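**Student:** I'd like to ask some things about the structure below.
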Amino acid sequence: IKIESKKIFTALQKNIKDSIVSYSVNDYNNLIINEMNRPDIVAILVDDFYMAKIIGKEHFISGKIREDNKLISISDILNKNHYEILNKSFYYQLYEIKQDNGIKIGSVTIYLSDLNIKQELNTIVFDNIKNAIGISLLLVISLFIAIRFFILGYLENIVKSIKNSKKEDGIPTTSIPIEGPKEIADFVDSINNMINSIKSSNKELKEQKKSFEMIFNNSVDGLAILDLNANFLDFNEAYLELTGFSKEELLCKSCLELTSNDEKFYAHGAVSEAIEKGYVKNYEKTCIVKDGKR
Numbered sequence: 101i102k103i104e105s106k107k108i109f110t111a112l113q114k115n116i117k118d119s120i121v122s123y124s125v126n127d128y129n130n131l132i133i134n135e136m137n138r139p140d141i142v143a144i145l146v147d148d149f150y151m152a153k154i155i156g157k158e159h160f161i162s163g164k165i166r167e168d169n170k171l172i173s174i175s176d177i178l179n180k181n182h183y184e185i186l187n188k189s190f191y192y193q194l195y196e197i198k199q200d201n202g203i204k205i206g207s208v209t210i211y212l213s214d215l216n217i218k219q220e221l222n223t224i225v226f227d228n229i230k231n232a233i234g235i236s237l238l239l240v241i242s243l244f245i246a247i248r249f250f251i252l253g254y255l256e257n258i259v260k261s262i263k264n265s266k267k268e269d270g271i272p273t274t275s276i277p278i279e280g281p282k283e284i285a286d287f288v289d290s291i292n293n294m295i296n297s298i299k300s301s302n303k304e305l306k307e308q309k310k311s312f313e314m315i316f317n318n319s320v321d322g323l324a325i326l327d328l329n330a331n332f333l334d335f336n337e338a339y340l341e342l343t344g345f346s347k348e349e350l351l352c353k354s355c356l357e358l359t360s361n362d363e364k365f366y367a368h369g370a371v372s373e374a375i376e377k378g379y380v381k382n383y384e385k386t387c388i389v390k391d392g393k394r
């Protein structure tokens, strides 16, 4: 703003000096009008010492002031409203006008607003916002790409490996390849350990099941498996021989139905105790089987 103010004065200085010496007030006012085509110039005022002597005053002020976006001519006297406008200006500078011999013949005061500063600041803010939005979008896109290719890609491989499993137990047929960042690799390693543990447990369960079925089917003692309501679920051949019922007949019955009437109360209690504790010991009862046998 200081530089612009100096440029304005330099452009006016020689012509205003000549106009003051020749008492041509209208000439330098016309020059001022040409300079005030810039909206950031609030006012340009000339204090004409030559004209002041003619009218018998110490000062003669003339020039132009911007009021409500209109250029108002100033002639000698500034009113209250003009003073308020000048006081609100952002920057002003007074420049002395001298003859070649150094005698002062007047002065020029230039008043500037902060319009250009605000425009520059708005431009800077707008550019910064655009840059911030651009950088944010770039970061979001970069983050998405990074997640998609460096994280989701590994997870997708994990899902594919898990889906490649046996239909009967849903356990993956092969171990998941350990790859990717440390966190992903540790995660995959944990999954592989879990899969191996499940495979080992399944193997033991199958062996136990096989052993149980062999004992269950080949035992000379009658064995039956019941649900929590004492209904028959399964039984061995010895139990069928013991009761005389067929498989179809037993599957439609409850163990409590076979119990003699005088012992049904105790049988209900035994079932409840087995459910609650997980076992019953030293319990005997009398069953009424096919053909009324006890």
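Residue numbers (this note's numbering): 101 to 394.
C-beta: ideal position from N, C-alpha, C; glycine also.
Values in this document were obtained by computation on a predicted structure and should not be read as measured data.
Can you tell me whether residue 138 is buried or exposed? The criterion is at least 16 other CB atoms within 10 Å of its CB, across all chains shown.
**Tutor:** It is exposed - the Cβ of residue 138 has fewer than 16 other Cβ atoms within 10 Å.
**Student:** Between the segment 174-182 and the segment 205-219, can you find at least three pairs of beta-carbon atoms closer than 8 Å?
**Tutor:** Short answer: they don't touch.
**Student:** Taking the beta carbon of residue 366 as the centre, do at least 16 other beta carbons fall within 10 Å, making it buried, or is it exposed?
**Tutor:** Residue 366 should be labelled exposed.
**Student:** How about residue 128 and residue 146: do their beta carbons lie closer than 8 Å?
**Tutor:** Going by C-beta atoms, residue 128 is nearer than 8 Å to residue 146.
**Student:** Using the C-alpha atoms, what's the distance from residue 332 back to residue 350?
**Tutor:** When rounded, the distance between both Cα atoms is 7 Å.
**Student:** Per DSSP, residue 193 is paired with what?
**Tutor:** Its beta-bridge partners are 210.
**Student:** Can you check whether the CB of residue 162 is closer than 8 Å to the CB of residue 396?
**Tutor:** Missing from the structure shown is residue 396; the chain here goes from 101 to 394 and no further.
**Student:** Where does residue 350 fall in DSSP's three states?
**Tutor:** Reduced to three states, the DSSP call for residue 350 is helix.
**Student:** By Cβ distance, which residues of its chain are closer than 8 Å to residue 257, with the 5 residues on each side in sequence left out?
**Tutor:** Closer than 8 Å at the Cβ level, and outside the excluded window around residue 257, lie 276, 277, 279.
**Student:** In terms of residues, what are the limits of the alpha helix (DSSP H) holding residue 233?
**Tutor:** Per DSSP, residue 233 belongs to the alpha helix (DSSP H) from 215-247.
**Student:** Which of helix, strand or coil does DSSP assign to residue 45?
**Tutor:** Outside the displayed span of the chain (101 to 394) sits residue 45, for which this structure offers no information.
**Student:** Output needed for residue 321: all residues of its chain with C-beta closer than 7 Å, excluding positions within five of it in sequence on either side, in chain order.
**Tutor:** Only 338 meet the Cβ criterion.
**Student:** Within 10 angstroms of its Cβ, does residue 288 collect 16 or more other Cβ (buried), or is it exposed?
**Tutor:** Burial call: buried.
**Student:** To which residues of the same chain is residue 125 closer than 6 Å at the C-beta, ignoring the five residues directly before and after it?
**Tutor:** Result list for residue 125: 162, in chain order.
**Student:** Starting from the Cα of residue 220, find the closest Cα among 362, 311, 101, 341 and give me that residue.
**Tutor:** The residue with the shortest Cα to Cα distance from residue 220 is 101.
**Student:** First and last residue of the beta strand (DSSP E) that includes residue 145?
**Tutor:** Segment 141-148, the beta strand (DSSP E) holding residue 145.
**Student:** Between the C-alpha atoms of residue 295 and residue 247, what's the straight-line distance to the nearest angstrom?
**Tutor:** The straight-line gap from Cα to Cα measures roughly 26 Å.
**Student:** For a test of the three-state rule: what should DSSP assign to residue 179, helix, strand or coil?
**Tutor:** In this structure, residue 179 counts as coil in the three-state DSSP scheme.
**Student:** Just how far apart, CA to CA, sit residue 361 and residue 313?
**Tutor:** If you take the alpha carbons of residue 361 and residue 313, they lie about 33 Å apart.
**Student:** Should residue 140 be labelled buried (16 or more other beta-carbon atoms within 10 Å of its own) or exposed?
**Tutor:** Counting Cβ neighbours within 10 Å, residue 140 comes out buried, since at least 16 surround it.
**Student:** With a Cβ-Cβ cutoff of 8 Å, do residue 105 and residue 251 count as a contact?
**Tutor:** Contact: no.
**Student:** DSSP three-state label for residue 167, please.
**Tutor:** In the structure shown, residue 167 sits in a strand (DSSP, three-state: E or B).
**Student:** How would you write the range of the beta strand (DSSP E) that residue 325 sits in, first residue to last?
**Tutor:** Segment 324-326, the beta strand (DSSP E) holding residue 325.
**Student:** Do you know offhand how far residue 112's Cα is from residue 188's?
**Tutor:** Taking the straight line from one Cα to the other gives about 24 Å.
**Student:** Nearest to residue 198 by CA position, among 149, 190, 158, is which residue?
**Tutor:** Answer by Cα proximity: 149.
**Student:** Quick check: what's the CA-CA separation for residue 380 versus residue 368?
**Tutor:** Those two C-alpha atoms are separated by around 12 Å.
**Student:** Compute the Euclidean distance between the alpha carbons of residue 273 and residue 292, then round it to the nearest angstrom.
**Tutor:** Distance between the alpha carbons of residue 273 and residue 292: 11 Å.
**Student:** Going by DSSP, name the residue or residues bridged to residue 398.
**Tutor:** Absent from the structure is residue 398, since the part of the chain shown begins at 101 and ends at 394.
**Student:** So what's residue 359 in DSSP terms, helix, strand or just coil?
**Tutor:** It is a strand residue.
**Student:** Per DSSP, residue 204 forms a beta bridge with which residues?
**Tutor:** Per DSSP, 198.
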